Amino acid sequence: MIHLILDSTSGVGADFLALHPNVHCISLTIEMGENYVPESEATIKAVIDYSEATKKSVPTSQPSTGDFLKLFSDIPAEDPIIVLCICSTISGTYNGALLAARQSGRKNITVINTRTTAIGMIHLLEDGLDMIEKGLSYEEIAKALEEASMRTGLTVALDTIDYLKRGGRIGKAAGLIGSILKIKPVIYLNENNEVDALGKVRTTKKANALMIDYLKKQEPLKRLGIVHIENEAGAKVLYDKAKEMYPAMDITLTTATPVLTAYLGPGLTGFIFERAK
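Taking this note's numbering as reference, the numbering of the sequence shown is continuous, increasing by one, and the terminal residue is 1472.
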């Protein structure tokens, strides 16, 4: 049996995991004061409340090497494993998984930097499960998912830049710091997989237009998801526009996870996509 492992920033649900015994989730950890909470047990509201009350970053930590090794050991040695990790420039999870795979001594583990997160990782998971069902080999599936990861991307509009600044993940979007008040920073992952500034505008309407223009430049698309953090109404606007643009596409609207909230803050809306070959 081929096994697929995702980290918790994917948002994969417990019900889904229960239905798929070959799919596993490994959790990042969120630090709020003296409390260390697995992401799978944390809430978006708790992260926001803590950050707003303290005006501090909400530290997160990747799964430990031991966590990965324990999960690997729970899977029969003859069963191949594919690990799908959050974008490596956002979290060290990918590098940690690589180290654990080497230490395990197993030759049938592939660790993939998905270059995405949230629904983007779920899209790759669904592709992997579909290929397993079709009877493709471990090597074929790993190669296909590696290639698909090179076609992923995202762009999001932030309601605040504070969380990126506090967490030190602002990357090449640093030019947004010190900008005038009441702007809508729009960021994306550039060709080097770094957080970068797509632009800064004053209204949500203009932020949406900027993201839609960027999305059009990525066509043709294979997959598209809408993501938000505590902004379902804003996400619905993007969803409706995306359905106008791509009426035949199955577009998912979903919320991000507590760890992504710690990174990016509330009010976010955006697109997560995979380009077609």
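Even for Gly, the Cβ is constructed at its ideal location relative to N, Cα and C.
In this text the structure is predicted, and so the values were computed from the model without any measurement.
Exposure of residue i, with buried meaning 16 or more beta-carbon neighbours within 10 Å
i: R1397; result: exposed
i: P1442; result: exposed
i: Q1298; result: exposed
i: G1315; result: buried
i: D1202; result: buried
i: K1395; result: buried
i: P1258; result: buried
i: I1375; result: Low local confidence applies: a pLDDT of 48 at I1375 is under 50, so the model's placement there is unreliable, with the coordinate-based value given in what follows. So I1375 counts as exposed.
Delimiting residues of the beta strand (DSSP E) encompassing residue i
i: H1423; result: L1416 to H1423
i: R1301; result: Counting along the chain, R1301 falls outside any beta strand (DSSP E), and DSSP gives it neither H nor E.
i: T1464; result: T1464 to R1470
Strand pairing of residue i, partner residues [DSSP]
i: D1391; result: Y1383
i: L1279; result: L1201 and I1307
i: Y1231; result: E1226
i: A1430; result: Paired residues: none, contrary to the question.
i: S1256; result: T1224
i: I1239; result: I1239 pairs with nothing; no bridge assigned.
i: T1447; result: G1420
i: G1208; result: Paired residue(s): none; G1208 is not in a bridge.
i: V1396; result: K1379
i: H1219; result: I1200
Distance CB(residue i)-CB(residue j) smaller than 8 angstroms
i: Y1358; j: G1460; result: yes
i: T1305; j: A1337; result: yes
i: V1232; j: I1243; result: no
i: G1462; j: I1424; result: yes
i: R1310; j: E1469; result: no
Residue-level contact to chain D via CB, residue i, 8 angstroms cutoff
i: E1425; result: Among the chains in the structure shown there is no chain D, since it carries only a single protein chain.
Bounding residues of the alpha helix (DSSP H) (the contiguous stretch that carries residue i)
i: G1315; result: I1314 to E1328
i: A1352; result: Premise fails: A1352 lies in the beta strand (DSSP E), T1347 to A1352, not in any alpha helix (DSSP H).
i: E1342; result: Y1333 to S1344
i: A1272; result: Taken as a continuous stretch (DSSP letters only), A1272 belongs to no alpha helix (DSSP H), as it is neither H nor E.
i: Y1458; result: P1453 to L1459
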